[in-house]
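58 is the number of the first residue of the sequence shown in our numbering; add one for each residue after it.
Ideal placement from N, C-alpha and C gives every residue a C-beta, glycine not left out.
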Amino acid sequence: MGESGNDPRNTLSIRDNRTGRNYEVAVHEGDVIRAMDLRQIRVNDDDFGMMAYDPAFTNTASTRSTVTEIDGDRGILRYRGYPIEQLAENSNFLEVAYLLLRGELPTADELAEFTHHITFHTYIHENITKLLNGFRYDAHAMGIMISSVGALSTFYPEAKDVHDPDNRWIQMIRLVAKMPTLAAFAYRHHRGLPYVYPENQLSYAGNFLNMLYRIGVKEYPIDPRLERALDILFILHADHEQNCSTTTMRVIGSAHADPYSALAGSMAALYGPLHGGANEAVLRMLNEIGSVDNIPAFMESIRKGERRLMGFGHRVYKSYDPRASIIKKTAHEVFEVTGKNPLLDIALELERIALGEEYFVKRNLYPNVDFYSGLIYQAMGFPVEMFPVLFAIPRTVGWLAQWEEMLQDGEQKIARPRQIYVGAGARDFVPVENR
Ligand code: CMC
């Protein structure tokens with residue numbers, strides 16, 4: 058953390074009115090104090106010392122990071138300094154993956170080598186398919202993914218050596234390469250279709266589409282516009298700093314678990330409807346509304362606080378989500394190929410009403426990345442169960458970049474928050490017959 062030096066202006070004076078004592082606490086870059094500096098504040102020597110109480114970590118930085126910068130008030134998202142708009146416009150997912158994992162954009166040679174490695178590692182051990190076959194026909198794809206990514210750790214026991222940078226790099230390549238294969242296999246299992254194995258000459262997104270949709274033909278005709286749209290969606294979802302699933306990755310990783318096990322945990326966090334499950338929830342909501350005529354009654358239930366408008370609001374973005382603007386444009390490009398998603402009219406009308414309504418304006422609620430992504434995925438033929446999976450594939454890169462950073466950060470140790478115990482005081486056990 059950038060030290061404030063000895064400049065007395067870069068300190069916070071705290072007076073403890075319980076004791077009358079005064080304390081000086083250093084203020085670091087970005088208006089930050091170290092929570093541990095509060096521990097010196099105590100009423101008597103037996104005291105634990107002062108703590109900050111911050112449920113859901115809404116005002117606590119758990120790390121210093123160089124990966125992703127978000128300025129929620131100004132609607133800014135940058136990976137390693139590069140604006141998301143420029144990356145979505147000019148780059149491709151594997152180049153962005155390299156940027157996030159390695160810190161710099163690759164040279165042409167580095168990109169070619171990285172792309173080769175990713176392509177080379179797309180196959181999964183055949184026994185994983187046996188594991189997949191054990192799932193019920195209607196198993197949710199995300200449940201299958203969480204289990205199979207966790208299972209991969211048993212196929213690569215050397216991944217436990219998280220202190221060897223070369224070993225970490227190999228596991229990162231494996232994970233980025235195998236996620237589309239696992240996802241496509243989960244989908245084919247659900248549909249009762251035979252698995253289509255990876256084709257190394259295809260692009261990352263193209264190979265994924267081929268594994269998902271090829272049936273009865275030697276070559277699945279991949280529309281380059283849809284391939285590019287999926288690549289853009291992957292770029293937009295690649296990282297988003299210390300969100301719920303990334304924090305999970307860091308927390309599990311802080312115990313030095315192997316990256317497959319840690320990533321299975323991140324995926325479980327992403328599965329929740331308030332996080333990666335939101336685009337699925339958006340589609341269910343749009344289907345439930347059913348027609349533009351039903352919107353007024355639906356909006357009334359939101360205003361009454363009975364439910365939430367899924368795909369709106371964000372913990373960090375308070376003016377707009379820059380990913381939502383790019384995705385809205387991509388949606389129109391996809392609909393030119395697939396035809397308009399009939400739910401689009403409902404979504405546009407909800408957005409129009411919400412952007413002009415006091416309830417939403419007052420609470421800074423704007424469409425987030427998930428408001429339109431579900432419509433695109435549905436138009437491209439993905440069932441809703443695949444939506445969080447489509448989030449998890451690119452986010453694997455972000456999770457791994459943050460995991461790598463955490464392991465190299467000398468200030469990090471095993472994550473272990475404090476609690477304020479408010480339960481019963483000491484009491485004697487009562488045998489069951491006396492209760
Ligand atoms: N619809 C209606 N009201 C909302 C919504 C919403 N989507 N989101 C927040 N509010 C209200 C909330 O009721 C509260 O009102 P009041 O002050 O009257 O109690 C106020 O806005 C603040 O809400 P909050 O829950 O304190 O805000 P948060 O920062 O904890 O929540 C959120 C962030 C994303 C969980 C929330 O906005 C939400 O549940 N949105 C819907 C789910 C969603 O779209 N999630 C995807 C997030 S983007 C993907 C990602 O990056 O993971």
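>> For the segment 373–386 against the segment 122–136, do three or more pairs of beta-carbon atoms, one drawn from each stretch, fall closer than 8 Å, so that the two count as touching?
In response: Because the criterion of three Cβ pairs below 8 Å is met, the segment 373–386 and the segment 122–136 touch.
> How many whole angstroms separate the CB atoms of L320 and L287, which I take to be in contact at a CB cut-off of 8 Å?
Replying inline: By 1-based counting over the sequence shown, the position of residue 320 is 263. By 1-based counting over the sequence shown, the position of residue 287 is 230. The C-beta separation of L320 from L287 comes to about 21 Å, leaving the pair out of contact by the 8 Å criterion.
>> Taking only three categories from DSSP, how would you classify D485?
In response: Indexing the sequence shown from 1 puts residue 485 at position 428. Assigned with DSSP and collapsed to three states, D485 falls in coil, not helix or strand.
> Tell me the DSSP bridge mates of S70?
Replying inline: For the purposes of this step, residue 70 is taken as the residue at position 13 of the sequence shown. Note: S70 sits in a beta bridge opposite E81.
> Using a C-beta cutoff of 8 Å, does D221 count as contacting chain D?
Replying inline: Structure shown: chain D not included; a single protein chain is present.
>> For I359, which residues in the same chain have their Cβ closer than 6 Å to its Cβ, ignoring the five residues on either side in sequence?
In response: Taking the sequence shown and counting its residues from 1, the one referred to as residue 359 is at position 302. So the list reads L366, once near-sequence residues are dropped.
> Going by the C-beta, is N300 closer than 7 Å to any heavy atom of the ligand CMC?
Replying inline: Taking the sequence shown and counting its residues from 1, one reaches residue 300 at position 243. Annotation for N300 indicates a beta carbon within 7 Å of some heavy atom of the ligand CMC.
>> Assuming I127 is part of the beta strand (DSSP E), what are its boundary residues?
In response: Position 70 of the sequence shown, counted from the first residue, corresponds to residue 127. Going by DSSP, I127 is part of the beta strand (DSSP E) stretching over 125–128.
> With a Cβ-Cβ cutoff of 8 Å, do H246 and G455 count as a contact?
Replying inline: One-based indexing of the sequence shown puts residue 246 at position 189. One-based indexing of the sequence shown puts residue 455 at position 398. Taking 8 Å as the Cβ cut-off, H246 and G455 do not qualify as a contacting pair.
>> Would P237 and M202 be called neighbours here (beta carbons separated by less than 8 Å)?
In response: Counting from 1 along the sequence shown, the entry for residue 237 is found at position 180. Counting from 1 along the sequence shown, the entry for residue 202 is found at position 145. No, these two residues do not count as a Cβ contact at 8 Å.
>> Using only CA atoms, which one of P488, P112, L162, S119 lies nearest to V89?
In response: Taking the sequence shown and counting its residues from 1, the one referred to as residue 89 is at position 32. When only C-alpha atoms are compared, the closest one is S119.
>> Please state the DSSP three-state secondary structure of E60.
In response: Here residue 60 is taken as the residue at index 3 of the sequence shown, counted from 1. Confidence in E60 is poor, its pLDDT being 48 and thus under 50, which makes the residue's placement too unreliable to answer from.
> Does the ligand CMC have a heavy atom nearer than 7 Å to the CB of F369?
Replying inline: Position 312 of the sequence shown, counting from 1, holds the residue named residue 369. Indeed, a heavy atom of the ligand CMC lies less than 7 Å from the Cβ.
> Taking the alpha helix (DSSP H) that I181 falls in, what are its first and last residues?
Replying inline: Walking along the sequence shown from the start, residue 181 turns up at place 124. No alpha helix (DSSP H) holds I181; DSSP gives it neither H nor E.
> Which whole-angstrom value describes the C-beta separation of E406 and V349, a residue pair presumed to lie in contact below a C-beta threshold of 8 Å?
Replying inline: As a position in the sequence shown, residue 406 is number 349, starting the count at 1. As a position in the sequence shown, residue 349 is number 292, starting the count at 1. Taking C-beta atoms under 8 Å as the contact rule, E406 and V349 qualify, at a distance of about 5 Å.
> For the ligand CMC, is there a heavy atom less than 7 Å away from the beta-carbon of V446?
Replying inline: For the purposes of this step, residue 446 is taken as residue 389 along the sequence shown, with counting starting at 1. No, Cβ of V446 sits at least 7 Å from all heavy atoms of the ligand CMC.
> Nearest to Y110 by CA position, among M443, G347, R475, is which residue?
Replying inline: Within the sequence shown, numbered from 1, the residue matching residue 110 stands at position 53. Comparing Cα-Cα distances from Y110 to each of M443, G347, R475, the minimum goes to R475.
>> Suppose you measure from the CA of E60 to the CA of V84; what does that come to, to the nearest Å?
In response: Counted from its first residue, the sequence shown places residue 60 at position 3. Counted from its first residue, the sequence shown places residue 84 at position 27. Reliability of the predicted coordinates at E60 is poor, the pLDDT of 48 falling under 50, and no value is obtained from them.
> What whole-angstrom Cβ distance do I433 and T387 have, given they're in contact under 8 Å?
Replying inline: Along the sequence shown, read from residue 1 onward, the residue named residue 433 stands at position 376. Along the sequence shown, read from residue 1 onward, the residue named residue 387 stands at position 330. The C-beta distance from I433 to T387 rounds to 6 Å, short enough to fall under 8 Å.
> Taking all protein chains shown into account, do 16 or more other C-beta atoms lie within 10 angstroms of the C-beta of Q228, making it buried, or fewer, making it exposed?
Replying inline: Walking along the sequence shown from the start, residue 228 turns up at place 171. By the neighbour-count rule (16 or more Cβ atoms within 10 Å), Q228 is buried.
> So, N264 versus E256, is the Cβ gap smaller than 8 Å?
Replying inline: The count along the sequence shown starts at 1 and reaches residue 264 at position 207. The count along the sequence shown starts at 1 and reaches residue 256 at position 199. Yes, they are a contact pair.
>> Shorter than 7 Å, the distance from the beta carbon of V426 to the closest heavy atom of the ligand CMC, or not?
In response: Position 369 of the sequence shown, counted from the first residue, corresponds to residue 426. Checking every heavy atom of the ligand CMC against the Cβ of V426, one is found closer than 7 Å.
> When the Cα atoms are used, what is the spatial distance from H197 to A381?
Replying inline: Counting from 1 along the sequence shown, the entry for residue 197 is found at position 140. Counting from 1 along the sequence shown, the entry for residue 381 is found at position 324. Straight-line Cα distance between these residues: approximately 26 Å.
> By how many angstroms is the C-alpha of A208 removed from the C-alpha of K419?
Replying inline: Translated into positions along the sequence shown, residue 419 becomes position 362. Translated into positions along the sequence shown, residue 208 becomes position 151. Going from the Cα of K419 to the Cα of A208 covers about 46 Å.
> DSSP state of Y434, grouped into three classes?
Replying inline: Here residue 434 corresponds to residue number 377 of the sequence shown, with the count starting at 1. Helix, per DSSP.
>> Just list the residues that DSSP pairs F369 with in beta bridges.
In response: In the sequence shown, residue 369 corresponds to position 312, counting from 1. F369 is bridged by DSSP to P424.
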